[in-house]
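Take a look at the structure set out below.
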Amino acid sequence: MDTVFIKKLCIDTVIGVYEWEKSIQQRLELDLALSCDTRQAAASDDIRQALDYSVIAAEVTELVQREPIELIETVAERVAEFLLQNFATSRVQVTVSKPGAVPTAETVGVCIEREAG
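With positions in the sequence shown counted from 1, the corresponding number in our numbering is that position plus 2.
Have a look at this one:
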């Protein structure tokens, strides 16, 4: 199985459980990995046979920014479900990082793996 990935997709959105977080935008960084078979796309050299990472990035950004969310775990689950339902992938790994959430750490986050089915 092959993997199409996007690293450090930066999305500014309303995220957090504290009242002060509900009125500001904060940056999330997402790493996405989608399992697929890339042989047909490679053989045809045709984007229509591939997972188009620019489309994935735009649609995931729109999904995350659609409404305020409190937990990064919720972001990860929604993104994983969206990818499995809307793209030709059988397995996804979604990592959501929230830089600056803990002042003494570079970033904090969650990483999940989900399969279709």
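Don't be surprised by glycine CBs; every beta carbon is placed ideally from N, CA and C.
Exposure of residue i, with buried meaning 16 or more beta-carbon neighbours within 10 Å
i	result
Lys24	exposed
Cys38	buried
Val98	buried
Lys10	exposed
Ile58	buried
Ala82	buried
Reference residue i, options the options, closest by Cα
i	options	result
Leu73	Met3, Thr15, Leu11	Thr15
Glu117	Gln87, Lys100, Ala43	Gln87
Arg93	Glu79, Gln51, Val77, Glu115	Glu115
Val62	Lys100, Trp22, Thr5, Glu79	Glu79
Val96	Leu34, Ala107, Val57	Leu34
Thr40	Trp22, Asp4, Ile26	Asp4
Gln51	Gly102, Trp22, Thr91	Thr91
Cys12	Ala82, Ala60, Ile26	Ala60
According to DSSP, residues forming a beta bridge with residue i
i	result
Arg93	Ser37, Glu117
Asp14	Arg29
Phe7	Ala35
Ile71	Ile17
Gly111	Ser99
Check whether residue i and residue j have beta carbons under 7 Å apart
i	j	result
Ile17	Tyr55	no
Leu53	Phe84	no
Val6	Leu36	yes
Practice problem: Say whether the region 57–70 touches the region 17–34, bearing in mind that this needs 3 or more beta-carbon pairs closer than 8 Å, one atom from each stretch. | Solution: yes
Exercise. Would you be able to state if there are at least three C-beta pairs under 8 Å between the region 35–55 and the region 99–113?
Key: no
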